[in-house]
Structures are given as C-alpha cells and as structure tokens.
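Please read the structure below before turning to the comments.
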Amino acid sequence: MCSRTGSQLGARGYHVLPEPQRVELTGTDVEFDANWQVTTEGSLTVDDDLVEVLRECLDERHCLTVGTRDCGSRGPAIVLVLEPRRTVVEEATDRDTLGLAAQSYELQATGDLVRVSAPERAGLFYGIVTLVQLIRSDQGRLWLPEGVITDWPDVGRRHLFWDNSEHLDRLETLKAAVRKAAMYKVNGVVLKLDSHFVYESAPALADPNALMPAELQELTDYAQRYHVQLIPYIDAPGHLAWLLKHPEYRNLREFADCNYELCTTDPGSYRLLEGLFDDLLSSNQGVEHFVLSTDEPYYIGLGRSRARAAELGSVGKLEAEFVRRAAGYLRDRGRTVQIWGEYPIEREDIPSLPPYLINGVANGPKYDPVYARNGIRQFLYVSTQAELQNFPDYYPADPADLINPVGSNCSVAKLHEELSFHPARRQDNVVGVFVAAWADAGLHPETFWLGFVCGAAWAWHPGCPEPGDAVERFGRLFYGDGVRDTAAVYELMSVQAQFFESSWDRCDSTARTPIFGGPYEIYDSPRPAKDQSVPLPDLPDRTLSRGSRWRRTNLR
1 MCSRTGSQLG ARGYHVLPEP QRVELTGTDV EFDANWQVTT EGSLTVDDDL VEVLRECLDE
61 RHCLTVGTRD CGSRGPAIVL VLEPRRTVVE EATDRDTLGL AAQSYELQAT GDLVRVSAPE
121 RAGLFYGIVT LVQLIRSDQG RLWLPEGVIT DWPDVGRRHL FWDNSEHLDR LETLKAAVRK
181 AAMYKVNGVV LKLDSHFVYE SAPALADPNA LMPAELQELT DYAQRYHVQL IPYIDAPGHL
241 AWLLKHPEYR NLREFADCNY ELCTTDPGSY RLLEGLFDDL LSSNQGVEHF VLSTDEPYYI
301 GLGRSRARAA ELGSVGKLEA EFVRRAAGYL RDRGRTVQIW GEYPIEREDI PSLPPYLING
361 VANGPKYDPV YARNGIRQFL YVSTQAELQN FPDYYPADPA DLINPVGSNC SVAKLHEELS
421 FHPARRQDNV VGVFVAAWAD AGLHPETFWL GFVCGAAWAW HPGCPEPGDA VERFGRLFYG
481 DGVRDTAAVY ELMSVQAQFF ESSWDRCDST ARTPIFGGPY EIYDSPRPAK DQSVPLPDLP
541 DRTLSRGSRW RRTNLR
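If you count the sequence shown from 1, position 110 lands on 110 in UniProt numbering, and the numbers rise without skipping.
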C-alpha cells in the first residue's frame with residue numbers, strides 16, 4: 001500500500017505527511033482559488049469552529065481567503081460533514097478500532113466539489129489537515145488532485161515531548177508549537193516544565209517568569225481546539241535536582257548529599273508530589289493523560305529506602321510500590337498514567353504494577369510480552385536527539401572522519417525502522433508512539449521538528465514513506481513548497497555537529513561539582529565531571545620558535 005499511495009501522490013507533485021492509508025486518483029487536477037467557499041451539511045453549521053480552523057489554515061499556508069455559504073448555494077465548495085458511519089479500519093497495530101475509526105475521514109475531490117466527511121470531530125479535523133497539505137502551488141496557481149482519500153491512523157495516540165525544563169518558551173511560541181504539531185496529526189504534546197510553573201502548593205520551586213496556572217489552562221484549551229492534548233510531565237523519583245536542591249525539600253532525598261532522587265518511603269515525598277499533581281491537574285482540565293516519568297531512578301532502594309526494598313524482595317518491587325501509590329492518586333482523579341517501565345523493573349516485578357498503566361517505552365522481547373500478559377498497554381518510544389550540543393544526529397557521520405568518535409543513535413533511518421517495524425507491533429497492547437527530544441543539551445527546538453514530523457508520519461502509517469522521501473516532503477511542507485534538498489542540508493548540519501563534538505578532548509573538571517554516581521551504581525567517592533578541552537599550542541622559546549608537537553597532535 002505504501003508504494004501505491006506514495007507513487008500516486010508523489011508522481012503528481014503532491015506531498016502529504018502522514019501518508020494516507022488509501023488513495024484513488026483519477027488523473028485530473030482541480031484548480032483551487034478564492035472563488036471556493038466553505039459550507040456544511042447535517043449537524044454542522046458554517047459557524048462551527050472546524051470551519052474557522054479550515055479557513056485559518058488556508059490563509060496561513062496558502063495566503064488564500066475563502067468565505068462561507070449556506071448549504072445548497074451554487075459555486076465551487078468545500079463541504080464539511082459529520083456523518084456517523086461504520087468506518088472499516090482495514091489493518092492497524094492498535095486494537096482499539098473504535099478509537100481509530102473516530103479519527104478516520106474520507107476526502108473526495110471532483111470538479112467544483114471537495115467533500116470532507118468523518119464520523120467524529122477529530123477525524124474531520126484530520127481531513128481538513130490533509131486537504132490543506134494537499135493543495136500545491138504551480139506557477140502562481142493552486143491545484144488539488146481529483147480522487148478519493150480514505151484514511152485512519154495505525155495507532156490512536158501520537159505524542160511528542162516538548163522539553164521546557166531548561167528554558168521557558170513564550171506562551172505564543174508554545175501555542176505555535178501545538179498548532180504545528182496538530183498539522184501533522186500529532187494528538188498529544190507532553191510538556192515538561194519543572195520549575196517553570198507556579199506551583200501553589202510549593203511556591204519555592206517556581207523560577208522567575210514561570211508559567212502561571214491560568215496560562216497553562218489557556219494553553220490546554222488552545223491545544224484542544226486543534227485536537228491535541230497538552231499532557232503534564234513530572235519526574236519521580238529520579239531526575240529531581242530542580243526540586244531537591246531547595247533547602248525546604250532536602251530532607252526528602254534518598255541520599256542526603258545527592259539531590260538527584262526522592263526517597264520513596266518518606267510520607268513527605270507523597271505529600272509533596274500530590275500537591276504538585278493537584279496544581280497541574282487544576283490548570284490542565286479536559287485532558288486524559290499524565291506522564292509520571294519514572295525515568296532512571298538509579299538509587300531507589302540503595303539509601304534510606306534500603307530496608308523496604310529488602311522487605312519487598314527487590315528494588316524493582318519498591319519502584320512498583322511507588323508507582324502504585326503515585327499513579328493511583330492520578331488515576332483516582334481521572335488521568336490515564338504513563339510511566340517508563342524500565343530499570344529497575346525486571347520481568348518478575350511487572351506483575352506488581354497496576355494494569356491500568358501505559359508503559360511509555362517498549363523494551364524488546366524480554367519484557368514486552370510480560371507487559372502484554374499483565375494487561376499493561378505500551379507505546380513505541382524514539383528520540384530525535386541524543387547528546388549532541390549543536391544539531392541532532394539525523395545522519396551518522398563516518399567514524400573515520402571523527403577524532404574522538406561519538407555514538408549516533410537518532411538517525412532518520414533508525415526512527416523509520418523502530419517505529420515501522422518494532423517487534424512489539426506484533427503484540428496486541430501497543431496503543432501509541434512517543435517521540436522525544438531532550439532540550440537540556442541546548443539545541444534550538446526547530447531542529448527537532450524533522451524527527452517530530454517523520455515520527456508522527458510513521459506512527460500514523462508505518463513504513464511509509466521511505467526515509468529519504470519523508471525528509472523531502474518535510475522540507476516542502478515545513479519550510480515551503482519551493483524548498484528542495486532538505487536532506488542534504490540536514491545531513492551537512494548533522495555531520496558537522498558530530499565532528500565538532502568529536503574534536504574536543506575530555507579532561508577532569510575543576511569547576512563543576514563531582515558526580516555522586518552513575519547508572520546502576522554509587523561511586524565510592526565522587527568522581528570529577530568531564531569538561532571539553534583543547535590543548536594549547538606550545539609557548540615559543542627564547543628565539544620565538546615553536547616545536548611541532550601541537551601541530552602533530554592536532555593534525556586531524
């Protein structure tokens with residue numbers, strides 16, 4: 001199906017992401033201009049917000065202003081229709097076919113009529129998005145292919161991760177990101193704020209200019225207009241230096257001299273977390289999901305909670321006990337809770353987790369079937385960015401061209417492979433895709449969008465398009481219809497970033513605090529952090545001549 005739909009649209013010069021599931025074209029093009037108007041049938045009226053969204057999108061993308069008219073009037077028209085019907089989801093990874101059908105749509109274009117129909121508002125919105133992408137410009141005129149598109153997603157949840165832990169975007173920037181994500185059929189934006197939100201229960205945590213509760217609700221409401229859930233994200237028990245660095249919460253640490261991890265056996269830890277949860281929930285009304293990020297809780301059960309871990313039998317069971325209590329609090333308040341079901345959770349610990357969870361990261365054949373047997377749904381997880389400080393490694397550099405080779409694990413080809421052909425897709429518990437981009441390395445958020453858009457495309461339609469085609473489509477849709485050679489530019493930036501990263505030597509830091517421990521271990525004594533360094537040239541001797549050692553050392 002991928003080659004069939006891709007060849008029909010691509011051969012005609014039309015570019016859409018995600019690729020629709022079924023495309024039937026007649027070979028004729030329909031000219032589209034300001035004479036077209038929007039109308040509705042059935043329960044929809046021309047005052048409906050979906051009509052306004054369509055008009056806004058046409059104006060924003062194509063500088064085209066179209067009017068509205070009542071049903072029955074003459075002239076070229078886009079007709080929006082909500083019509084309950086039994087949509088046949090022919091093939092999908094997600095077993096929730098009713099949920100997938102609610103996001104399905106049909107787009108028919110013929111002569112002077114474009115008809116977008118769907119059983120639910122979400123599907124109608126996605127039909128609108130496809131229509132707006134499909135219109136192409138050719139020598140100052142706009143065209144649309146005549147034919148029928150029938151479409152539905154492969155998984156019902158397509159989430160991207162927006163990291164504001166190290167900086168805070170302006171509210172208008174966050175709104176633009178939400179709107180942009182929706183244009184590629186993303187339906188969840190997971191927002192990590194940390195200290196960039198004003199928690200009424202813990203005012204000491206908020207940084208200056210942090211997002212106010214009313215602003216978070218405003219952003220939440222704005223996202224829902226575009227059928228996007230704005231999903232809160234809180235780390236616990238690990239990754240909490242932003243919180244445990246404060247004197248008010250020092251007593252809640254797992255280790256007194258390490259602000260990384262919360263003690264899960266201290267009742268005060270739960271009082272603190274529940275207050276933070278309540279603050280976010282009250283300013284994020286109307287949303288289903290919540291991410292309780294149990295990412296990398298390396299030291300759980302090794303400090304103050306050691307006795308409880310021994311009593312339960314493993315640190316994994318202690319982690320499960322924490323999840324049951326923290327996630328249960330959120331579930332009791334109407335949220336579907338996502339965790340990271342990885343270390344220290346082992347196979348034998350999984351039955352201790354509550355079945356209502358979503359595990360945000362499929363971990364392979366050792367763990368995934370156990371999650372499935374215990375009724376826990378899963379996401380496929382990918383990241384568009386690893387640890388490079390200038391640009392994501394979308395294209396791996398040749399190790400022979402690097403001085404100190406750095407690992408590359410976020411290439412476009414790998415995103416395509418993992419999202420399209422992950423072994424977990426053969427199970428019946430995969431319900432979504434989570435595309436992450438960690439901003440703590442300081443990259444500009446624009447650099448993440450190639451991964452976000454392609455990730456959403458392969459979540460909707462696995463395998464299609466191929467990576468090279470996907471990147472070129474991204475360039476035309478994201479930057480403009482006349483853009484070409486996006487892959488070449490992104491590859492150049494990726495390779496240069498990898499070379500820059502590899503060109504540094506590493507030396508023990510004398511300026512930063514030594515490191516308490518690493519993954520899976522606590523150091524006997526803190527170890528120095530590593531800083532980037534380049535050896536300086538030799539000082540000249542009394543004759544102002546210099547030796548050649550520095551030149552030889554840095555020849556590459």
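Built from N, CA and C at the ideal position, the CB exists for glycine as well.
> Counting pairs of Cβ atoms below 8 Å between the stretch 531–538 and the stretch 499–515, do you hit three or more?
Replying inline: yes
> Taking the C-alpha atoms as reference points, what is the distance between residue 8 and residue 15?
Replying inline: 10 Å
> Roughly how many angstroms separate the alpha carbons of residue 543 and residue 536, rounded to a whole number?
Replying inline: 19 Å
>> Alpha carbons only, please: which of 43, 329 and 259 is nearest the one belonging to residue 276?
In response: 329
>> Looking only at its chain, what residues have a beta carbon closer than 6 Å to the beta carbon of residue 283, apart from the 5 residues adjacent to it on each side?
In response: 213, 216 and 217
>> Spatial neighbours of residue 117 within its chain, please: C-beta separation below 6 Å, excluding the five flanking residues on both sides.
In response: 81, 83 and 106
> Is residue 539 near the ligand COA, judged by its Cβ being under 6 Å from some heavy atom?
Replying inline: In the structure on display, the ligand COA does not appear, and there are no ligands present to speak of.
> From residue 285 to residue 334, what distance separates their C-alpha atoms?
Replying inline: 10 Å
>> In this structure, how does DSSP classify residue 12 when only helix, strand and coil are distinguished?
In response: coil
>> Mapping the DSSP letters down to three states, classify residue 600 as helix, strand or coil.
In response: Not covered by the structure: residue 600. The range shown for the chain is 1 to 556.
> Which value, in whole angstroms, describes the spacing of the CA atoms of residue 501 and residue 388?
Replying inline: 7 Å
>> Just verifying my parser: in three-state terms, what is the DSSP assignment at residue 231?
In response: strand
> Near residue 29, which residues of its chain fall below 8 Å by C-beta distance, leaving aside the five closest residues on each side in sequence?
Replying inline: 12, 143, 144, 145 and 146
> What do you get for residue 356, buried or exposed, if any count of 16 or more other CB atoms within 10 angstroms of its CB means buried?
Replying inline: exposed
>> Assuming contact is defined by CB atoms lying nearer than 7 Å, are residue 354 and residue 297 in contact in what I supplied?
In response: no
> Looking only at its own chain, which residues have a Cβ that is under 6 Å from the Cβ of residue 97, when we skip the five neighbours before and after it?
Replying inline: 89
> Taking C-alpha atoms, which residue in 293, 377 and 386 lies nearest to residue 340?
Replying inline: 293
> Can you tell me the Cα-Cα spacing of residue 206 and residue 197, whole angstroms?
Replying inline: 6 Å
> If you draw a straight line from the alpha carbon of residue 77 to that of residue 67, how long is it in whole angstroms?
Replying inline: 10 Å
> Between which two residues does the beta strand (DSSP E) harbouring residue 198 extend?
Replying inline: Counting along the chain, residue 198 falls outside any beta strand (DSSP E), and DSSP gives it neither H nor E.
> Since residue 185 contacts residue 460 with CB under 8 Å, what's their CB separation in whole angstroms?
Replying inline: 6 Å
>> Tell me the DSSP secondary structure of residue 109 in three-state form.
In response: strand
> Which residue spans inside the stretch 493–554 form an unbroken beta strand (DSSP E) run of at least 3?
Replying inline: 505–508, 515–518, 521–527 and 530–533
> Based on the DSSP output, what are the partners of residue 78 in its beta bridges?
Replying inline: 38 and 114
>> Measuring only the C-alpha atoms, how far is residue 319 from residue 350?
In response: 10 Å
> Cα separation between residue 140 and residue 481?
Replying inline: 12 Å
>> Within a Cβ cutoff of 6 Å, which residues of the same chain sit near residue 359, ignoring the five residues on either side of it in sequence?
In response: 341, 371, 376 and 378
>> Closest to residue 435 by C-alpha separation, out of 410, 183, 151 and 23, would be which residue?
In response: 410
>> Within 10 Å of its beta-carbon, does residue 35 have 16 or more other beta-carbons around it, so buried, or fewer, so exposed?
In response: exposed
> Comparing alpha-carbon positions, which option in 224, 323 and 457 lies nearest residue 234?
Replying inline: 323
> What span of residues does the alpha helix (DSSP H) with residue 281 cover, start to end?
Replying inline: 267–282
> Bridge partners of residue 359, per DSSP?
Replying inline: 339 and 378
> Sorted by chain position, which residues of the same chain lie with C-beta nearer than 7 Å to residue 557's C-beta, five sequence neighbours on each side aside?
Replying inline: With the chain covering only 1 through 556, there is no way to say anything about residue 557.
> Where are the beta strand (DSSP E) runs, 3 residues long or more, that stay fully inside the stretch 135–214, in chain order?
Replying inline: 136–138, 141–151, 157–163 and 188–192
> What are the start and end residues of each continuous alpha helix (DSSP H) run of 4 or more residues lying completely inside the stretch 295–357, in chain order?
Replying inline: 306–312 and 315–331
> Skipping 5 residues on each side, what residues in its chain have a beta carbon closer than 8 Å to that of residue 346?
Replying inline: 314 and 316
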